[in-house]
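Student:
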Amino acid sequence: MEIKTIDVVGFGPSLMGVRAPYKSYDKSDTNMLQEDGKWFKFGDADYDLAERLCKAGRNHRKFMRMWYVYVDINAPRFFWSEFDTHKLGVEKNSESTVHTLYKEDITDSLFEFDFENSPECAVNAMRRTQMALRELQKEFKATSDLKQKNYYRRIMKQILPESFLQRRFVCMNYEALRHMYMERKSHRLPEWNKVFVDWVKTLPYNEFITNDFDD
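Everything in the sequence shown is counted per the working numbering, starting at 1353 for the first residue and increasing by one.
(1) Between the Cα of T1382 and the Cα atoms of A1372, S1376, K1375 and F1394, which residue gives the shortest distance?
(2) Got a sec, what are the start and stop residues for the beta strand (DSSP E) R1519 sits in?
(3) Distance, Cα to Cα, P1471 vs L1512?
(4) Thinking C-beta only, is I1358 closer than 8 Å to V1442?
(5) Could you tell me the boundaries of the alpha helix (DSSP H) in which P1428 lies?
(6) Could you pull out every residue in the same chain whose Cβ sits closer than 8 Å to the Cβ of E1447, ignoring the five residues on either side in sequence?
(7) Using CA coordinates, which residue listed in Y1454, K1499 and F1516 is at the minimum distance from E1487?
(8) Between the Cα of F1415 and the Cα atoms of F1548, A1528 and T1459, which residue gives the shortest distance?
(9) Cβ of L1580 within 8 Å of Cβ of R1413?
(10) Considering Cα atoms alone, identify which of V1549, S1366, M1524 and D1396 is closest to E1535.
(11) Measuring straight from C-alpha to C-alpha, what distance separates N1476 and L1462?
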């Protein structure tokens, strides 16, 4: 499983909302014209206000719904089934499972499965499934009959293991990420408690997600 950050945006524009309740726009100390190629940097006063609002609760940190992360995630189906419970503040576009199955060679790289250290019975089951997928892929390519093609597509999807990797391009806001992080940081699966958690900590101002402020 792999997670790559594409872009993080919205810090600057959200300052208008942060300052709106008391019309304290004149107290903003952030340079809005940063062009050094680095992540956005808050001024001290703006950061202090944002931190206090974040700690005050969900209704006070609405500005975090304006901070957006665009990310490239390649993860197994069992990860996505849990990820998909988080719908608010999350948008996704994914690669087609079916197109992958009939276009690409069925190799170990398509699966998040430890072939070296898993029990023999599990490895044998995976090998048999891979073999069946190759045979179905071959039959799919050999026919021009649409009804037959749809039949093979359906069978391939029915036997596809949960370890099959699917790539999605995801847009999430920081409030959604915070909720996800708090729910999943102690999850039983390393895809959550290691890969996802480690990635979150690479994001700019990730303390607004993790709540690990330097007090």
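For each residue, glycine too, the CB sits at the ideal point set by N, CA and C.
Tutor: Well, looking at it:
(1) As a working mapping, residue 1382 is identified with position 30 in the sequence shown. With distances taken between Cα atoms, T1382 lies closest to F1394.
(2) Here residue 1519 is taken as the residue at index 167 of the sequence shown, counted from 1. It spans L1517 to N1525 - the beta strand (DSSP E) in which R1519 sits, taken as one unbroken run.
(3) Numbered from 1 along the sequence shown, position 119 holds the residue referred to as residue 1471. Numbered from 1 along the sequence shown, position 160 holds the residue referred to as residue 1512. If you take the alpha carbons of P1471 and L1512, they lie about 19 Å apart.
(4) Reading the sequence shown from its first residue, position 90 is the one you call residue 1442. Reading the sequence shown from its first residue, position 6 is the one you call residue 1358. Cβ distance not < 8 Å, so V1442 and I1358 don't count as in contact.
(5) Numbered from 1 along the sequence shown, position 76 holds the residue referred to as residue 1428. Where P1428 is concerned, there is no enclosing alpha helix (DSSP H), although the beta strand (DSSP E) it sits in stretches over Y1420 to P1428.
(6) As a working note, residue 1447 is residue 95 in the sequence shown. Cβ within range, chain order: Q1518, R1519 and R1520.
(7) Stepping through the sequence shown from its first residue, residue 1487 is reached at position 135. It is Y1454 whose Cα lies nearest to the Cα of E1487.
(8) What you label residue 1415 is simply residue 63 of the sequence shown in a count that begins at 1. When each option's Cα is compared against that of F1415, the closest is A1528.
(9) The chain is shown from 1353 up to 1567; residue 1580 falls before or after that span and cannot be answered.
(10) The count along the sequence shown starts at 1 and reaches residue 1535 at position 183. The shortest Cα separation from E1535 among V1549, S1366, M1524 and D1396 belongs to V1549.
(11) The count along the sequence shown starts at 1 and reaches residue 1476 at position 124. The count along the sequence shown starts at 1 and reaches residue 1462 at position 110. Straight-line Cα distance between these residues: approximately 17 Å.
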